[in-house]
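Data first, discussion second: the structure below is written as structure tokens.
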Amino acid sequence: MSMFVLFAVREAMFQSVDDVAQRVAALVDAKPMNRMGDEKGGYCTFQSSTGEHIEVVAGVWSDEDGDYPREPDFPNWPYLLYLNNTHAQSAWLKALEGDGAQFKKMRTDVVSS
219 MSMFVLFAVR EAMFQSVDDV AQRVAALVDA KPMNRMGDEK GGYCTFQSST
269 GEHIEVVAGV WSDEDGDYPR EPDFPNWPYL LYLNNTHAQS AWLKALEGDG
319 AQFKKMRTDV VSS
């Protein structure tokens with residue numbers, strides 16, 4: 219079974235997606251693969267050798283028409299972290315769950331293989 223987990227990033231010490239990415243890099247001991255700033259607030263991705271994938275994104279992005287939450291069910295979080303293709307014993311999942319001061323688990327979806 220594969221899991222997809224959404225974490226909200228607590229904003230106290232983060233001013234940008236890059237700030238969040240630096241924290242994630244230290245926590246999961248991995249280097250970012252892609253970083254991009256764009257009109258949707260930017261993003262940063264990480265990939266593990268086991269196929270796990272992390273994407274850090276701005277939780278709300280703006281365009282000329284207004285502000286849009288990336289996750290309508292969680293509109294008040296400035297940054298979100300998606301951990302995709304993970305499993306219950308994942309070191310990345312355990313590291314993120316263990317840093318409750320910065321990351322709050324919001325949703326877990328389990329997909330049968």
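Residue numbers for the sequence shown follow this note's numbering, beginning at 219 and rising by one. Note that the Cβ used here is the ideal one computed from N, Cα and C, for glycine as well. These figures come from a predicted structure and were not determined experimentally.
Taking Asp236 as the centre and dropping the five residues before and after it, the same chain places no C-beta closer than 6 Å to its C-beta. DSSP places Arg241 within a helical segment (H, G or I) once states are collapsed to three. Non-local C-beta neighbours of Val238 in its own chain, meaning closer than 8 Å and more than five positions away in sequence, comprise Val227, Phe232, Cys262, Val274, Tyr297, Leu299, ordered along the chain. Contact between Val242 and Phe222 fails: their C-beta atoms lie close to 17 Å from each other, not under 8 Å. Around the Cβ of Gly260, a 10 Å sphere holds 16 or more other Cβ atoms; the residue is buried.
By the beta-carbon neighbour count (other beta carbons within 10 angstroms, threshold 16), Ser330 is exposed. Under the criterion of beta carbons closer than 8 Å, Leu224 and Arg325 qualify as touching, at roughly 4 Å.
The alpha helix (DSSP H) runs lying completely inside the stretch 249-322 and spanning 4 residues or more are 309-316, given in chain order.
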